[in-house]
Amino acid sequence: MEKTLKSKIKEAIRSLYNSEVTDDLVQIQETRKDFKGDFTLVVFPLLRFSKNTPEKTGENIGNYLKENFPAVSDFNVIKGFLNLEISDSWWMEFFENLVKEKDQFAGCKTNDPEIILVEYSSPNTNKPLHLGHIRNNLLGFSLYRILSACGHNVVKTNIVNDRGIHICKSMLAWIKFGNGETPELSGLKGDHLVGKYYVRFEKEYKIQIEELVSSGMNEEEARNNAPLMKETRELLLKWEAGDKEVVDLWRMMNGWVYKGFDETYKLLGVDFDKIYYESETYKLGKDIVLSALNNNVLYRNDDSSIWVDLISDGLDQKLLLRSDGTAVYMTQDLGTAVARFNEYGFSKCIYVVGNEQNYHFQVLKAVLKKIGYPWADGLIHFSYGMVELPEGRMKSREGTIVDADDLINEMKNTARDVSLELGKLADFTDQEKEEIFRKIGLGALKYFILKVDPRKNMTFNPAESIDFNGNTGPFIQYTYARIKSVFRKAAQLGINIEPNAIHDVKVGPKEIELIKLMRKFSVSVSESAKNYSPALLANYCYELTKEYNQFYHDFSILGEEDSVRDFRLALSGMTGRILHSGMWLLGIEMPERM
RNA sequence: GGUUCCGUAGCUCAGUUGGAUAGAGCAACAGCCUUCUAAGCUGUGGGUCGAGCGUUCGAGUCGCUCCGGAAUCACCA
7 MEKTLKSKIK
17 EAIRSLYNSE
27 VTDDLVQIQE
37 TRKDFKGDFT
47 LVVFPLLRFS
57 KNTPEKTGEN
67 IGNYLKENFP
77 AVSDFNVIKG
87 FLNLEISDSW
97 WMEFFENLVK
107 EKDQFAGCKT
117 NDPEIILVEY
127 SSPNTNKPLH
137 LGHIRNNLLG
147 FSLYRILSAC
157 GHNVVKTNIV
167 NDRGIHICKS
177 MLAWIKFGNG
187 ETPELSGLKG
197 DHLVGKYYVR
207 FEKEYKIQIE
217 ELVSSGMNEE
227 EARNNAPLMK
237 ETRELLLKWE
247 AGDKEVVDLW
257 RMMNGWVYKG
267 FDETYKLLGV
277 DFDKIYYESE
287 TYKLGKDIVL
297 SALNNNVLYR
307 NDDSSIWVDL
317 ISDGLDQKLL
327 LRSDGTAVYM
337 TQDLGTAVAR
347 FNEYGFSKCI
357 YVVGNEQNYH
367 FQVLKAVLKK
377 IGYPWADGLI
387 HFSYGMVELP
397 EGRMKSREGT
407 IVDADDLINE
417 MKNTARDVSL
427 ELGKLADFTD
437 QEKEEIFRKI
447 GLGALKYFIL
457 KVDPRKNMTF
467 NPAESIDFNG
477 NTGPFIQYTY
487 ARIKSVFRKA
497 AQLGINIEPN
507 AIHDVKVGPK
517 EIELIKLMRK
527 FSVSVSESAK
537 NYSPALLANY
547 CYELTKEYNQ
557 FYHDFSILGE
567 EDSVRDFRLA
577 LSGMTGRILH
587 SGMWLLGIEM
597 PERM
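When we follow this note's numbering, the leftmost residue of the first sequence carries the number 7, and every step to the right adds one.
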């Protein structure tokens, strides 16, 4: 609509003032609620063509449009704003086309589809997933769905940090204190079991440090000389040397962890097309660094460590390979990026990684470009803010980490408590009930996290997290369930619920309001894709839900004469379809009843 | 100290490429269940958009300077 309106307005200016104007001067926006009209043209930028007052200019353009463009039924001018009213018949026509459209995302499709990689999750294999990972996974997965809906070819990838000193800590603690404990024997989820030994390591390590400090050593020395740390380093060296016993243990414990992660991913409803392992990409990274050294792009320090100088890029000098020749984090990320490009030839690779790594990704991009990979321009760090608790940041030392599995369970339990207290779903089997509680609990969690602008740090209050009122997932789910309920009832009454059953019917402002909001659906999907922000879409879903709820309360649907009833059924059905699609893009399931 | 990000109602958050009188929810108070699901709807109160200056017809939005908070500046990942 805006597009045709725009060209009509340009036509008007051509005819009235004999001038050509550029698109950016024709500013069209939705009319504010308190004024009459649907779209508003801001006339201020056009005054230099009309050489007239804002009021007169608005008047002239309005008259021209009303005479030459049937969709514009009327207009009014307030100060420098020309409010245009779109005819009811235009809106009805729009709505009927929307109902007929089979592909819900037809309006969102991009003109130039790209191959896009989205990396998310990126767990370490020494501890279970926590609340921060949940935000990461939800953002990444939702981004994948939104970009796909816009017609891009999107690959979901994950990089697992399965190598390094941290996993050796868990291994060592398991060797020393584990007594052969396994997930099967203990009944513990694999990632939790390994995490338990990581915590145990830190605990024992701390004791050793304290002992050394009290015997007169300074803290840094104590950290390096604690027997446990020495043993861990030996373990790492053995791993790098390929010691069979160590590698077997590493394989076994990582296997436990992966099994645990898979369960959590399944609960969250996320998955991946391709998983990369750091243990497989760090060698490629080393090769890249060494060959760049030969081409004089990098330099070697006196102690034979390898560095890159990025001072001319406004960055610093950065280590790429340790003096003993082993890889650092950056090394493997270089390797992973190249491996990905070789495999997929992406035009964009989006890294969903927390904002504490902003600097890392600036460097990664700069190094790749320096080495000579022009495609590095397509690397995008999708940086999101931390999740804080009301008491402040999550800290593992203080035991304030919110575990992902625990949280998901807690959400389900709360959903169950609330539902049962409201006395709902009495006629359902236990299994059906559990399925609905799962959808509601997770819907609450996902929506709560996704509705916030990703860039911002957010506060997550576990106690109040499952608010089922207001701007929440369950509110939207509830509205959807009610729409479904109306249709069940209609079917019982033998009413034809086919969505094309729209006859001539007089529409009121409330209906128009709903249709206008429906029109914004594909816009908000496109905007979400462009800004990499599922939050825009989430807030749109809320807006539509709120509008529909008022409609639902103000009007009866089934109790009207046939033509009105069918129209309202069609409106309800379409609202349900859009809400379902929107929430699906966010990875949120919609229950048919709740 | 350098760099990047954030600051909107008591709390949690929206606010499209700069547009009209600043938007929700929660919390508080007052109404609405014989009626398609009350996990809902309606109403009331609540603001120096961190502060100041600038750019212009117009600034929560753009620029500069402060103030406050976060992250980062590792031979950790």
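Using N, Cα and C, we set each Cβ at its ideal position, and we do this for glycine too.
Look at the Cβ atom of residue i, then the Cβ atom of residue j, and state whether they are nearer than 8 angstroms.
i: isoleucine 152; j: alanine 535; result: yes
i: lysine 490; j: glutamate 598; result: yes
i: serine 578; j: valine 492; result: yes
i: isoleucine 518; j: glutamine 483; result: no
i: valine 263; j: aspartate 197; result: yes
i: glutamate 553; j: leucine 520; result: yes
i: isoleucine 414; j: leucine 448; result: yes
i: isoleucine 140; j: leucine 274; result: yes
i: leucine 149; j: valine 124; result: yes
i: isoleucine 503; j: leucine 575; result: yes
i: glutamine 338; j: tyrosine 271; result: no
i: histidine 172; j: asparagine 130; result: yes
i: serine 530; j: cysteine 156; result: no
i: lysine 42; j: aspartate 29; result: no
i: methionine 596; j: valine 105; result: no
i: asparagine 159; j: proline 119; result: yes
i: lysine 439; j: leucine 428; result: no
Which partner residues does residue i have in the DSSP bridge list?
i: threonine 163; result: Glu125, Lys280
i: isoleucine 34; result: Leu47
i: phenylalanine 87; result: Val48, Ile84
i: glutamine 323; result: Asp315
i: tyrosine 305; result: Trp313
i: glycine 360; result: Tyr390
i: lysine 354; result: Ile122
i: histidine 136; result: Asp409
i: asparagine 230; result: Looking at the DSSP assignment, asparagine 230 forms no beta bridge with any residue, so it has no partner.
Using the beta-carbon count (16 or more within 10 Å), is residue i buried or exposed?
i: lysine 236; result: exposed
i: arginine 494; result: exposed
i: lysine 250; result: exposed
i: isoleucine 356; result: buried
i: aspartate 572; result: buried
i: phenylalanine 466; result: buried
i: isoleucine 594; result: buried
i: proline 380; result: exposed
i: arginine 257; result: exposed
i: lysine 209; result: exposed
i: serine 310; result: exposed
i: asparagine 132; result: buried
i: arginine 306; result: exposed
i: serine 318; result: exposed
i: isoleucine 563; result: buried
i: serine 95; result: exposed
i: proline 515; result: exposed
In terms of alpha-carbon separation, which member of the options lies closest to residue i?
i: methionine 589; options: Ala410, Arg574, Thr551; result: Thr551
i: serine 127; options: Tyr558, Asn230, Asp277; result: Asp277
i: serine 389; options: Asn89, Val160, Asn537; result: Asn537
i: aspartate 411; options: Gly331, Lys212, Leu194, Phe50; result: Leu194
i: threonine 46; options: Gly86, Ser13, Gly146, Lys57; result: Gly86
i: tyrosine 548; options: Lys526, Leu137, Phe481; result: Phe481
i: lysine 2; options: Asn302, Asp308, Asn301, Pro189; result: Given that the chain is displayed from residue 7 to residue 600, the structure contains no residue 2 and the question cannot be resolved.
i: asparagine 545; options: Gly479, Val334, Leu299, Arg422; result: Gly479
i: glycine 291; options: Ala343, Asn302, Leu243, Glu269; result: Ala343
i: alanine 450; options: Arg461, Gly476, Gln323; result: Gly476
Is residue i helix, strand or coil when you go by DSSP?
i: methionine 392; result: coil
i: cysteine 174; result: helix
i: aspartate 383; result: helix
i: asparagine 348; result: helix
i: glycine 341; result: helix
i: leucine 145; result: helix
i: isoleucine 563; result: coil
i: tyrosine 538; result: coil
i: threonine 406; result: coil
i: isoleucine 503; result: coil
i: threonine 485; result: helix
i: aspartate 464; result: It is methionine, not aspartate, that sits at residue 464 in the sequence shown. Residue state, collapsed to three classes: strand.
i: serine 79; result: strand
i: glycine 68; result: helix
i: alanine 247; result: coil
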